[in-house]
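Colleague:
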Amino acid sequence: MNEIGIGGFGKVYRAKWKKSPKYFALKSLLNIDEDAIKELVNEIELQREVIFHDNIINFYGITISDQENQSNDIKKYLLVMEYADGGSLSHYLKENFKNLTWKDKFNLANQLASAVSCLHDEDIIHRDLHSNNVLISKNIIKLADFGLSKRIEETTQKKKDIFGVLLWEISSGEPPFYVEGESYDGSLAIQIIQGLRETAVPDTPVEYVKLYTECWNDNPDNRPSTHDVVERLNFIINQKQDENLDEKLGEITNQTENKDTILNSNNFEVSSHGELSKMIQDFDKMDVNQILNENITLNNVEESSRGELSRIVQDFDKMDTKEIMESMTSTSEEIINNKNISSENDLIIKVNKITEFIFEVLNKRNSSNLKQKILDYINNQKMNSKEICNWLCDNQNYNSNSIFLFGFWNYVS
Ligand SMILES: Nc1ncnc2c1ncn2[C@@H]1O[C@H](COP(=O)(O)OP(=O)(O)OP(=O)(O)O)[C@@H](O)[C@H]1O
48 MNEIGIGGFG
58 KVYRAKWKKS
68 PKYFALKSLL
78 NIDEDAIKEL
88 VNEIELQREV
98 IFHDNIINFY
108 GITISDQENQ
118 SNDIKKYLLV
128 MEYADGGSLS
138 HYLKENFKNL
148 TWKDKFNLAN
158 QLASAVSCLH
168 DEDIIHRDLH
178 SNNVLISKNI
188 IKLADFGLSK
198 RIEETTQKKK
208 DIFGVLLWEI
218 SSGEPPFYVE
228 GESYDGSLAI
238 QIIQGLRETA
248 VPDTPVEYVK
258 LYTECWNDNP
268 DNRPSTHDVV
278 ERLNFIINQK
288 QDENLDEKLG
298 EITNQTENKD
308 TILNSNNFEV
318 SSHGELSKMI
328 QDFDKMDVNQ
338 ILNENITLNN
348 VEESSRGELS
358 RIVQDFDKMD
368 TKEIMESMTS
378 TSEEIINNKN
388 ISSENDLIIK
398 VNKITEFIFE
408 VLNKRNSSNL
418 KQKILDYINN
428 QKMNSKEICN
438 WLCDNQNYNS
448 NSIFLFGFWN
458 YVS
C-alpha cells in the first residue's frame with residue numbers, strides 16, 4: 048500500500064487487491080468531525096448515483112483497515128475507490144502535455160463535459176470543478192471529489208458549474224495565470240471578478256476558443272448547457288477528423304503531383320529504378336485515364352485491364368531493361384522496312400500510337416500473344432522499332448505514355 052496524495056479528509060493510498068493485479072484507491076478518514084461525516088455521506092450518496100458513467104470515478108464501498116499491519120495514522124475506515132493511474136488532470140497535463148494532439152485534448156474536454164452533463168442530468172451540481180478534482184485513468188477523464196456536490200434542479204445553478212477554465216487548461220497544459228514559482232494573490236482574484244480572462248493558446252481552433260469563452264461568461268444564463276458543450280465538442284472532434292482526412296488526401300494529391308512532376312521532368316535517370324518502381328507501383332491507385340491524360344483518350348477502360356496494367360507496372364523493376372530492349376530491337380529489326388530517321392515529334396507520335404494500340408488490345412481483352420501483335424503493329428505502321436527503343440531509353444520520362452511503353456515492353460519481352 049503506497050501513499051499517493053493527501054486531501055481534506057486524510058491521506059489517499061494505492062492498494063493492490065491480494066490475488067489480482069488490480070489497484071484500488073483507499074481514502075483514509077483522519078480529520079473527521081460531525082460536519083465532515085455529513086459531507087462524506089453526501090459525497091458517497093451522490094457519487095453512487097452516477098458511477099455508471101465511464102468518466103466518473105467509481106466508488107466501491109468502505110473497508111475497515113487492518114490496524115496491526117498499518118501505520119498509526121490510518122484510522123479504522125477507508126473509502127475504497129477506483130484507482131486513477133494518471134493522477135490528477137493538472138499532474139497529467141504537466142507530465143504529458145507535449146505528447147497530446149489536439150484530438151487528444153478535445154477528447155479529454157469532451158469526456159469532462161460528458162461527466163458533468165451526466166451529473167446535471169441527475170440534478171447534481173459538482174460545485175468544485177478544478178484540475179485537481181479531475182483524475183485520469185488510462186488516459187481517460189475520471190471526475191472525482193463530490194464533497195461539495197449538491198442536488199439541484201435549477202438550470203442557472205447547473206450553469207454555475209464552470210468548466211470553461213478547465214477547457215482552457217486542457218488547451219494550454221497549465222492552470223490559468225500560472226507563473227512558475229509564483230502563487231496566486233488577491234489582486235488576481237479581483238481582476239478575474241472584474242472580467243480578466245486567459246488568452247487563447249496559439250493555434251487553438253477558433254470553435255474551441257469560442258466554446259470555452261462562452262462557458263466562462265460572467266452571466267451563467269448566457270453559458271451553454273453541458274449538453275450543448277458535449278454536442279459542440281463532438282462537432283469539433285468530427286471536424287478535426289475530417290480535416291485529418293483532408294490532410295491525408297492532400298498528401299496523396301501532393302504525392303500524385305510529385306509523380307506528375309517526375310513524369311514530366313527531363314532529368315529523370317534510367318538508373319533510379321527504385322523510385323520509378325515505387326511510383327509505378329502506385330499506378331493502380333490512380334485512374335488509368337489520369338495516367339494517360341496527355342495524349343491518349345481512352346474510353347471504357349475496364350477493371351480487368353487496370354489490374355493487368357497494374358501487374359505489368361509492378362513487375363517493371365524486376366527486369367533488366369537494357370537487355371530486353373536490345374533483344375526486342377534486334378528481333379524487330381528483321382521486320383523493319385522503314386529506315387528513315389524520324390524527327391523527335393514523329394517519335395513522340397509513334398510512342399503515343401503504340402501505347403494507344405496496346406490499350407485497344409487490352410480493352411478487347413485480347414492480350415494473348417501481345418508481343419507479336421505489337422511487333423506486327425510496328426511493322427504495319429512502318430515504324431523503326433530500334434529508333435523508338437533508343438528514343439524511349441533516352442526519354443522514358445518524356446510523358447506518361449513513354450514511361451508506360453518503356454515498362455510495358457519490358458513486361459512483354
Ligand atoms: N481515486 C484516486 N486515484 C488516484 N489518485 C487519487 C484518487 N483519489 C485521490 N487521489 C490523489 O490524492 C490526492 C488527494 O485527493 P483527495 O480527493 O483526498 O483530496 P483533494 O481533492 O485534493 O482535497 P479535498 O478532499 O479537500 O477536496 C488527489 O489530488 C489525487 O492526486
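Residue numbers (my numbering): 48 to 460.
Don't be surprised by glycine CBs; every beta carbon is placed ideally from N, CA and C.
Quick caveat: nothing in here was measured; it's all calculated off a predicted structure.
Does the Cβ-Cβ distance between Thr148 and Val127 come in under 8 Å?
Modeller: no
Colleague: Using a 10 Å radius around the Cβ and a threshold of 16 neighbouring Cβ atoms, would you call Ser415 buried or exposed?
Modeller: exposed
Colleague: Tell me whether Val127 counts as near ligand 1, meaning its Cβ is closer than 7 Å to at least one heavy atom of that ligand.
Modeller: In this structure, the C-beta of Val127 stays at least 7 Å away from each heavy atom of ligand 1.
Colleague: Hey, Gln443 and Lys400: beta-carbon distance below 8 Å or not?
Modeller: no
Colleague: Taking Ile91 as the reference, which of Leu77, Ile79 and Phe106 has the closest Cα?
Modeller: Phe106
Colleague: Going by C-alpha distance, which of Tyr70, His167, Glu434 and Ser112 is nearest Ile51?
Modeller: Tyr70
Colleague: With DSSP as the reference, please indicate the residues paired to Ala72 in a beta bridge.
Modeller: Arg61 and Met128
Colleague: Is DSSP giving Val253 helix, strand or coil here?
Modeller: helix
Colleague: Under 8 Å, do Glu96 and Ile171 count as touching if we go by C-beta distance?
Modeller: yes
Colleague: Could you tell me the distance, in whole angstroms, from the CA atom of Ile343 to the CA atom of Phe404?
Modeller: Confidence at Ile343 is low in this model, with a pLDDT of 33, below 50, so the placement of that residue should be treated as unreliable; the coordinate-derived value is given next. Whole-angstrom Cα-Cα distance: 10 Å.
Colleague: I want to check one thing, is the minimum distance from the CB of Ile104 to the heavy atoms of ligand 1 below 7 Å?
Modeller: yes
Colleague: Restricting to runs no shorter than 4 residues, where is the alpha helix (DSSP H) found entirely within the region 177-207?
Modeller: 202-205
Colleague: With distances taken from CA atoms, which of Ser67, Ser112 and Glu169 is nearest Phe99?
Modeller: That would be Glu169, whose Cα lies nearest to the Cα of Phe99.
Colleague: Locate the beta strand (DSSP E) running through Tyr139, then write down its first and last residues.
Modeller: First-last for Tyr139: Leu136 to Asn143, but that is the alpha helix (DSSP H), not the beta strand (DSSP E).
Colleague: Using alpha carbons as the reference points, say which of Asp208, Ser272, Gln238 and Arg244 lies closest to Pro222.
Modeller: Proximity to Pro222 across Asp208, Ser272, Gln238 and Arg244 peaks at Arg244, based on C-alpha coordinates.
Colleague: Taking 8 Å as the cut-off, does the region 207-221 touch the region 184-198 (at least 3 CB pairs, one atom from each stretch)?
Modeller: no
Colleague: What first and last residue would you give for the beta strand (DSSP E) that runs through Ile53?
Modeller: Asn49 to Ile53
Colleague: Could you check which residue in Tyr424, Asn264, Leu394 and Thr202 has the C-alpha nearest to that of Asn448?
Modeller: Leu394
Colleague: Between the Cα of Ile53 and the Cα atoms of Asn143, Asn180, Ser164 and Lys433, which residue gives the shortest distance?
Modeller: Asn180
Colleague: So, does the region 195-209 touch the region 254-272, judging by three or more C-beta pairs under 8 Å?
Modeller: yes
Colleague: Following the continuous alpha helix (DSSP H) through Tyr424, name the residue where it begins and the one where it ends.
Modeller: Leu417 to Asn427
Colleague: Output needed for Met48: all residues of its chain with C-beta closer than 6 Å, excluding positions within five of it in sequence on either side, in chain order.
Modeller: Excluding positions up to five away in sequence, the list reads Tyr60 and Ala62.
Colleague: According to DSSP, is Cys262 part of a helix, a strand, or is it coil?
Modeller: helix
Colleague: Buried or exposed for Thr246, going by 16 or more other Cβ atoms inside 10 Å?
Modeller: Its Cβ having fewer than 16 others within 10 Å, Thr246 is exposed.
Colleague: Using a Cβ-based criterion (distance less than 7 Å to any ligand heavy atom), does Ile108 qualify as near ligand 1?
Modeller: The amino acid at residue 108 is misidentified as Ile; the sequence shows Gly. No, the beta carbon of Gly108 sits no closer than 7 Å to any heavy atom of ligand 1.
Colleague: DSSP puts Gly108 in a beta bridge; with which residues?
Modeller: Val127
Colleague: Quick check on the burial criterion: 16 or more other C-beta atoms within 10 angstroms. Buried or exposed for Tyr231?
Modeller: exposed
Colleague: Is the beta carbon of Ser196 less than 8 Å from the beta carbon of His274?
Modeller: no
Colleague: Terminal residues of the continuous alpha helix (DSSP H) containing Glu229?
Modeller: It is not in any alpha helix (DSSP H) - Glu229 carries neither H nor E in the DSSP assignment.
Colleague: What does the alpha-carbon distance come out to for the pair Gly57 and Val88?
Modeller: Rounded to whole angstroms, the gap between the alpha carbons of Gly57 and Val88 is 16 Å.
Colleague: Can you name the start and end residues of the alpha helix (DSSP H) that Phe153 belongs to?
Modeller: Under the DSSP assignment, Phe153 falls in the alpha helix (DSSP H) whose first and last residues are Trp149 to Asp168.
Colleague: Using only CA atoms, which one of Ser432, Lys150 and Asn146 lies nearest to Glu290?
Modeller: The shortest C-alpha separation from Glu290 is found at Lys150.
Colleague: Give the secondary structure of Ile172 by DSSP, where H, G and I count as helix, E and B as strand, and everything else as coil.
Modeller: Of the three classes helix, strand and coil, the one that applies to Ile172 here is strand, per DSSP.
Colleague: Give the single residue among Ile183, Glu129, Ser432 and Arg174 whose Cα lies nearest to the Cα of Asn154.
Modeller: Ile183
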